[in-house]
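In my numbering, the protein residues as written are 558 to 651. A short write-up of the structure that comes next.
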């Protein structure tokens, strides 16, 4: 494996993400926009997992709620690495 590939794999192991989950629900474009702009980050979605948003970086539920503007219930889980079992899909920003 070359140095660039090794660095990419290292970055994938260390990337910090926050998973937002709205059980049985979906995320609307305006909500995603508020989160991206409020947290100044990237968000990834997957059509087979509409109840999940994966946010680049570690954020608390309180930070996400503030950026979101309150409203609908969701959970927030901080994880590290793309090989984490809690990650429902590999986000596009990785």
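All residues carry an ideal CB built from backbone N, CA and C; glycine is no exception.
Item to complete: List the residues that DSSP assigns as beta-bridge partners of residue 633.
Response: Answer is 577.
Fill in: Under 9 angstroms between C-beta atoms of residue 591 and residue 615
no
Fill in: Proximal residues to residue 649 (C-beta, below 6 angstroms), its chain only, five neighbours per side dropped
Hits under 6 angstroms: 601.
Worksheet item: By DSSP, does residue 587 sit in helix, in strand, or in coil?
Response: If DSSP states are grouped into helix, strand and coil, residue 587 belongs with the helices.
Worksheet item: Can at least three beta-carbon pairs, one atom from the stretch 558-571 and one from the stretch 603-617, be found at a separation below 8 angstroms?
Response: no
Worksheet item: Using DSSP with H/G/I as helix, E/B as strand and the rest coil, what is residue 612?
Response: strand
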